[in-house]
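Q: Protein chains in written order, with the numbering used here: chain A, 144 to 258; chain B, 144 to 258.
Virtual Cβ for every residue (Gly too), placed ideally from N, Cα, C.
If you're wondering where the values come from, they're calculated on a predicted model, not measured in any experiment.
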DNA sequence: ATCCTATATTGACAACCATCGATATGAAGT
DNA sequence: ACTTCATATCGATGGTTGTCAATATAGGAT
């Protein structure tokens with residue numbers, strides 16, 4: 144069960160962002176959970192690799208080489224990103240591929256809108 | 144010395160975001176530091192209070208009442224937000240007021256652009 | 001069935017941080 | 001100077017997490 148399934152974000156189109164009224168404690172915790180996933184340099188670099196134009200989905204092994212981290216550490220970060228709803232995970236034979244899922248990024252941009 | 148003075152963000156207009164090529168380790172750490180400041184429900188609620196339309200700058204005491212947290216805890220959070228460059232701090236007599244500083248929010252929105 | 005290869009999980013350790021009570025600083029009034 | 005009020009800092013504590021080595025799982029090939 145992914146985080147996005149367990150804790151769906153509020154629809155920002157009609158209600159709340161930082162710039163449009165105080166957040167409820169539930170909203171604040173859900174957004175904080177998402178920002179926490181982004182608040183790590185290794186995960187940001189993995190995301191930037193996956194989001195770079197021209198690069199399609201990448202395997203865990205490729206991302207391990209690029210990051211210079213150990214394979215368990217990369218697997219751990221990809222799991223956190225996937226459970227947060229920021230990545231999609233696809234198994235093809237023995238290799239596992241990940242791909243950026245843009246929806247939540249768009250929602251977070253709305254949250255950071257200050258006017 | 145605030146974080147934004149010590150570690151200026153790269154100019155995103157011509158260079159790097161998550162969607163435009165891999166991040167350097169320096170960029171990844173600076174963005175991760177900023178997201179870490181946002182990755183706390185209490186700080187998000189303080190920000191949403193400060194950003195709510197109609198609300199001007201608010202004092203530490205007012206924010207302490209609204210948040211339900213202790214005064215030292217609120218002071219701690221406001222310090223982190225201010226040192227990150229997300230808030231401005233102004234002392235007026237005995238009371239200290241804070242106000243949202245929109246620049247870094249705009250930069251983070253750019254970082255989260257995935258296309 | 002056995003082996004190899006790719007990924008996931010476990011266990012452990014160190015570092016960081018949110019929170020509070022207690023106390024210090026600092027500014028203004030008497 | 002002294003008191004009072006608003007905010008900041010200190011010290012301690014409990015919880016979270018990034019990282020790795022070691023091991024487990026799982027899929028394909030022989």
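What does residue 265/A touch in chain B if you count any residue whose Cβ is under 9 Å from its own?
A: One cannot answer for residue 265/A here, as it falls past the ends of chain A, which runs 144 to 258.
Q: Expressed to the nearest angstrom, what Euclidean distance is found between the alpha-carbon atoms of residue 258/A and residue 166/B?
A: Going from the Cα of residue 258/A to the Cα of residue 166/B covers about 28 Å.
Q: Would you mind giving the Cβ-Cβ distance between residue 178/B and residue 181/A, rounded to the nearest angstrom? I have them listed as a contact below 8 Å.
A: With a Cβ gap of about 4 Å, residue 178/B and residue 181/A count as contacting.
Q: Between which residues of its own chain and residue 244/B is the CB-CB distance below 7 Å, once the five residues before and five after are set aside?
A: Closer than 7 Å at the Cβ level, and outside the excluded window around residue 244/B, lie 228, 229, 230, 231.
Q: So which residues on chain A does residue 115/B lean against when the C-beta distance must stay under 7 Å?
A: With chain B covering only 144 through 258, there is no way to say anything about residue 115/B.
Q: Going straight from the alpha carbon of residue 183/B to that of residue 205/A, what length do you get?
A: Taking the straight line from one Cα to the other gives about 32 Å.
Q: Who does residue 242/A pair with in a DSSP beta bridge?
A: Residue 242/A pairs with 231/A.
Q: Spell out whether any CB of chain A is found under 7 Å from the CB atom of residue 252/B.
A: Yes - at least one Cβ of chain A is within 7 Å of the one on residue 252/B.
Q: Do you know offhand how far residue 198/A's Cα is from residue 174/A's?
A: Straight-line Cα distance between these residues: approximately 28 Å.
Q: Under a Cβ-count criterion, where at least 16 other Cβ atoms within 10 Å of its own Cβ denotes burial, should residue 246/A be classed as buried or exposed?
A: Exposed is the call here.
Q: Chain B partners of residue 237/A, CB-CB under 9 Å?
A: Within chain B, no residue comes near residue 237/A; the closest Cβ sits about 26 Å away, beyond 9 Å.
Q: Helix, strand or coil for residue 213/A? Go by DSSP, reduced to three states.
A: Here residue 213/A sits in coil by DSSP.
Q: Mind checking which residues open and close the alpha helix (DSSP H) that includes residue 192/A?
A: From DSSP, the alpha helix (DSSP H) with residue 192/A extends over 184 to 194.
Q: For residue 223/A and residue 194/B, I'd like the C-alpha separation in whole angstroms.
A: Approximately 30 Å, taken between the alpha carbons.
Q: Can you name the start and end residues of the alpha helix (DSSP H) that residue 176/B belongs to?
A: 168 to 181 is the span of the alpha helix (DSSP H), which, as asked, contains residue 176/B.
Q: Please confirm whether residue 217/A has its beta-carbon closer than 7 Å to some beta-carbon of chain B.
A: Cβ-Cβ to chain B under 7 Å: no for residue 217/A.
Q: Are residue 215/A and residue 240/A touching if we call contact CB-CB under 7 Å?
A: Taking 7 Å as the Cβ cut-off, residue 215/A and residue 240/A do not qualify as a contacting pair.
Q: Kindly indicate which three-state DSSP category residue 163/A falls into: helix, strand or coil?
A: DSSP places residue 163/A in coil when its eight states are reduced to three.
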